[in-house]
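**Q**
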Amino acid sequence: MSGPSTSPTRPGMRPLAHVDEDALRAVHGVLTDVDDTLTRDGAIEPAALAALQALRAAGVPVIAITGRPAGWSEPFALAWPVAAIVAENGGVMLRRDGDRLRRDFTIDAATRERHAQRLAACAAAVLAEVPGTTLARDSAGRLTDIAVDHSEFVQQGEATIGRVVDVMKRHGLTATVSSIHVNGWIGDHSKWTAARWAVETALGRPFEPADWLFVGDSTNDQLMFERLPLTVGVANIARFLPQLDVRPAYVTQAERGAGFAEVAAALLAARAG
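For the sequence shown, our numbering assigns the number 847 to the initial residue and increments by one for each residue that follows.
(1) Could you tell me which of 958, 990 and 916 sits nearest to residue 948, measuring between CA atoms?
(2) Thinking just about the alpha-carbon of each residue, which of 990, 1062 and 1054 is nearest to the one in residue 958?
(3) Please state whether the Cβ-Cβ distance between residue 1036 and residue 936 is less than 8 Å.
(4) If distances are taken between C-alpha atoms only, which option among 1001, 1043 and 1024 comes closest to residue 992?
(5) Is residue 1113 buried or exposed, if buried means 16 or more other CB atoms sit within 10 Å of its CB?
(6) What are the boundary residues of the beta strand (DSSP E) that includes residue 1124?
(7) Roughly how many angstroms lie between the CA atoms of residue 1056 and residue 1075, to the nearest whole one?
(8) Go to residue 1022, then tell me how far its beta strand (DSSP E) extends in each direction, as first and last residue.
(9) Buried or exposed for residue 1046, going by 16 or more other Cβ atoms inside 10 Å?
(10) Applying the 10 Å Cβ sphere with the 16-neighbour rule, what's the burial state of residue 1121?
(11) Between residue 927 and the rest of its own chain, which residues show a CB-CB distance below 6 Å, the 5 nearest in sequence each way excluded?
(12) Which same chain residues end up closer than 7 Å to residue 867 when comparing Cβ atoms and leaving out the 5 residues on each side of it in sequence?
(13) Taking only the alpha-carbon atoms, compute the straight-line gap between residue 1071 and residue 1059 and give it to the nearest angstrom.
(14) What residues are listed by DSSP as bridge partners for residue 1062?
(15) From 894, 918, 1002 and 939, pick the residue whose C-alpha is nearest to that of residue 1049; which is it?
(16) Can you tell me where the beta strand (DSSP E) holding residue 922 begins and where it ends?
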């Protein structure tokens, strides 16, 4: 079969078993979401961790990009075999520097302080204007964004999620919906800019989209589905299909970390062939 089209109108969602092995052999590295792509209930699944280890052993770098906060991501940046974790949808990059953790930001400390005041005002407005909403429990670890829980510890419907997004946008924030949170931040960074930043900074190489495979699971991964030629959704992406304007090119049989492991196995098999 031919490789996936890069057009944002591609239908996508062919079974991963149909992927072109030549396209897989051309992959230099993997970009991946974290929540419900590598993890289940906030913890990495054993199959996903084993897959990360296998990719590293084969010399395939992995960069994780997540809406989770820096504080939540820090121990994983040290423990997981990844080149970097970019947290808060592109606001903070975490990577191992010897035995220590290095933390980089897209903006300076003074700007972060000014943004923090605006973010706090927006968070207060969400809680006051949208009944039943709560901030994400990981909010204390957030340095550049805010997050409202919609599926991690509470369950919110589409109407409530939409109202939260509207409030964030009214306050001048960029707003996206992940599998568990509504995230809002100030600035134009995204998972897409995070990918370029991490590849060029952590790996010291130019970012060529055709060199990378992306794995994700929800609406906040759509920019990656649109702009990378080789993309895969883990099976639990089915929950978000009605909200997706752009779908991944392929989909795994298994959900979450087991689905990521399917992707890694296919990639490694193609490289060995």
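Just so you know, even glycine gets a beta-carbon here, dropped at the ideal spot from N, CA and C.
Being a predicted model, the structure only gives us computed values, none of them experimental.
**A** Based on what the coordinates show:
(1) Sequence index remark: in the sequence shown, residue 948 carries index 102 (1-based). Comparing Cα-Cα distances from residue 948 to each of 958, 990 and 916, the minimum goes to 916.
(2) Here residue 958 refers to the residue found at position 112 of the sequence shown. Considering only alpha carbons, the answer is 990.
(3) If you number the sequence shown from 1, residue 1036 lands on position 190. If you number the sequence shown from 1, residue 936 lands on position 90. Their beta carbons are under 8 Å apart, which means residue 1036 touches residue 936 by this criterion.
(4) Counting from 1 along the sequence shown, the entry for residue 992 is found at position 146. The residue with the shortest Cα to Cα distance from residue 992 is 1024.
(5) As a first step, residue 1113 must be located in the sequence shown, where it is residue number 267. By the neighbour-count rule (16 or more Cβ atoms within 10 Å), residue 1113 is buried.
(6) What the structure shows of the chain is the stretch from 847 to 1119, and residue 1124 is not part of that stretch, so it cannot be assessed.
(7) Here residue 1056 refers to the residue found at position 210 of the sequence shown. Here residue 1075 refers to the residue found at position 229 of the sequence shown. So the alpha carbons of these two residues sit roughly 6 Å apart.
(8) Here residue 1022 refers to the residue found at position 176 when the sequence shown is read from its first residue. Segment 1020 to 1023, the beta strand (DSSP E) holding residue 1022.
(9) To locate residue 1046, count along the sequence shown from 1; it is residue 200. It is exposed - the Cβ of residue 1046 has fewer than 16 other Cβ atoms within 10 Å.
(10) Here the chain comprises residues numbered 847 to 1119, so residue 1121 is not present and cannot be evaluated.
(11) Position 81 of the sequence shown, counted from the start, is the residue given in the question as residue 927. For residue 927, where only same-chain residues beyond five positions count, the Cβ hits under 6 Å are 898, 899 and 902.
(12) Within the sequence shown, the letter at position 21 stands for residue 867. So the list reads 1116 and 1119, once near-sequence residues are dropped.
(13) On the sequence shown, position 225 is the one that residue 1071 refers to. On the sequence shown, position 213 is the one that residue 1059 refers to. Looking at the two C-alpha atoms, the distance is approximately 10 Å.
(14) Locating residue 1062 in the sequence shown gives position 216, counting from the first residue. Answer is 1079.
(15) As a working mapping, residue 1049 is identified with position 203 in the sequence shown. Checking every option, the nearest Cα to that of residue 1049 belongs to 939.
(16) Here residue 922 corresponds to residue number 76 of the sequence shown, with the count starting at 1. Careful: residue 922 lies outside any beta strand (DSSP E), inside the alpha helix (DSSP H) at 916 to 925.
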